[in-house]
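Just so you know, we're using my numbering here: the sequence shown kicks off at 2 and counts up by one.
No residue lacks a Cβ here, since even glycine has one placed at the ideal position from N, Cα and C.
Just so you know, these numbers come straight off a predicted model, no measurement behind them.
Written out below as structure tokens is the structure these notes cover.
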Amino acid sequence: MFDFFILMIVGLSFSGLAFFLKTNLGWKKPRKPFSASHRQILEENISFYNALEPSDKTQFEKRIAEFMLNYKFVGSDTQVTDKDKILVACSAIIPIFSFPDWRYNRLKQIIVFPDNFNRQFQVGLEDSNIRGLVGFGYMEGKLCVSRTALYSGFETFDDKRNTCLHEFIHLIDMEDGEVDGVPEKLLQHKYTIPWIFIMNKEIMRIKAGYSDINDYAGTNKAEFFAVVSEYFFERPEDFKYEHPRLFNVMNEIFKPKSSIFRRKSVEKS
Ligand SMILES: [Zn+2]
């Protein structure tokens, strides 16, 4: 019995070590302080950052720097700029800012396109209307985003649209192996059934034309979750007022800091 107990402890320590290695091995930590030029990009573009308490701002900068270090950025016929990287990193960190140990395990590289692209990843053609993309198969590990869509997502940070954040919501959804609108890594099991019920009901309202949520959310539950998350992070007060039950579950999923309600727009003139 005693031996079994020791074996069990050793076994548990090994599985704990394996988990630690899986999540931390190869994860780079920034060595240099956050640069003034990067901070300026945050201040000029990210209302979420500007509303944070000073200690949270430092934490946010650390997470942004970590993201930029640990995922590869590639430009498709374009040079990736610091602003591209910061805005992509913000899209990734804003939704999971309350989860310091979160890793996008399914993501390896971000491909930045100068503008919207088509299914063959060509820019500037009549059918070049894709703003962002993640997926399985040949898209495994990749997130593609159009710079135009990336920038406009933050230029008007209260229009319920943010393409890059939308794509990261799909990655959050995918972390449990299924893209089904139920982020099982973030949502406690007891909320799953109510969440599916609320989603189905709202999708019916969208299809019937009775909702202020973008029609695209009616496509399926995965798109519903991504579109509603854009709305939740862009206009949390309106979202709470218009959709109190949806808001409660979204709050359970993302557990955002209360500062998201104090945001002022940093729209460009
Ligand atoms: Zn989508």
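| Asked | Found |
| --- | --- |
| Alpha carbon of M200 to alpha carbon of L247, nearest angstrom | 8 Å |
| Cβ separation of I170 and P237, assumed to be a contact under 8 Å, to the nearest whole Å | Not confirmed; about 15 Å, so no contact. |
| Which residues DSSP lists as bridging L147, in chain order | The residue asked about is misnamed: residue 147 is Ser in this sequence, not Leu. DSSP output for S147 lists F114 as bridge partner(s). |
| Alpha-carbon spacing of F137 relative to T59, whole angstroms | 34 Å |
| Integer-rounded CB distance, given that I87 should sit under 8 Å from H39 | 6 Å |
| Cα-Cα separation, F61 to A218 | 29 Å |
| H167 beta carbon near ligand 1 (any heavy atom closer than 7 Å) | yes |
| A93: CB within 7 Å of a non-hydrogen atom of ligand 3 | This structure simply doesn't include ligand 3; it includes ligand 1 instead. |
| Distance between N163 and F155 (C-alpha atoms, nearest Å) | 7 Å |
| Where the beta strand (DSSP E) containing L166 begins and where it ends | Per DSSP, L166 belongs to no beta strand (DSSP E); it is in the alpha helix (DSSP H), T164 to M175. |
| Boundaries (first-last residue) of the alpha helix (DSSP H) holding E43 | Checking the sequence, you will find Leu at residue 43 rather than Glu. Looking at the DSSP string, the run of the alpha helix (DSSP H) that includes L43 is A37 to N46. |
| Distance cut-off 7 Å: E224 Cβ against heavy atoms of ligand 1 | yes |
| Cβ-heavy atom distance, H171 to ligand 1, below 7 Å | yes |
| CB of V146 within 8 Å of CB of C165, strictly | yes |
| 7 Å CB neighbourhood of V89 in its chain, flanking five on each side removed | I111, V146, L151 and C165 |
| Residue from K208, L70, N249 and D216 with nearest C-alpha to P195 | N249 |
| Residues near L188 by beta carbon distance below 7 Å, same chain, minus five either side | W196, E253 and I254 |
| Assigned secondary structure, G142 (DSSP; H/G/I helix, E/B strand, else coil) | coil |
| Touching by the beta-carbon criterion (3+ pairs, under 8 Å), the region 128-144 and the region 103-119 | yes |
| Any non-hydrogen atom of ligand 1 within 7 Å of A227 CB | yes |
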